[in-house]
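Report on the structure given below.
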Amino acid sequence: MTENTLHHTNGRNHLLAAAHEEFVKFERKEIEFRKKDREERAAELHLPLDAINVH
Numbered sequence: 014m015t016e017n018t019l020h021h022t023n024g025r026n027h028l029l030a031a032a033h034e035e036f037v038k039f040e041r042k043e044i045e046f047r048k049k050d051r052e053e054r055a056a057e058l059h060l061p062l063d064a065i066n067v068h
């Protein structure tokens with residue numbers, strides 16, 4: 014590999030790693046948001062979430 018190609022590959026890998034980290038953060042926030050939303054809707058409808066197996 015030439016030095017220029019290696020530099021571009023390392024830069025691309027760094028960007029991919031950063032994008033992956035941001036996506037993981039987004040997924041965690043989305044999961045928490047959905048869980049909170051589900052609990053709020055269940056409370057409004059007076060549904061027992063413990064009796065329902067939610068995945």
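Residue numbers for the sequence shown, in our numbering: 14 to 68. Even glycine gets a Cβ: it sits at the ideal position worked out from N, Cα and C.
| Query | Result |
| --- | --- |
| Just the Cα atoms here: how many angstroms apart are His54 and Ile44? | Note that residue 54 is Arg in the sequence shown here, rather than His. So the two alpha carbons sit approximately 15 Å from each other. |
| Taking only beta-carbon positions, decide if Lys49 is within less than 9 Å of chain B. | Chain labels in this structure do not include chain B; a single protein chain is all it has. |
| Quick check: the Cα distance between Leu29 and Lys48, rounded to an integer number of angstroms? | 28 Å |
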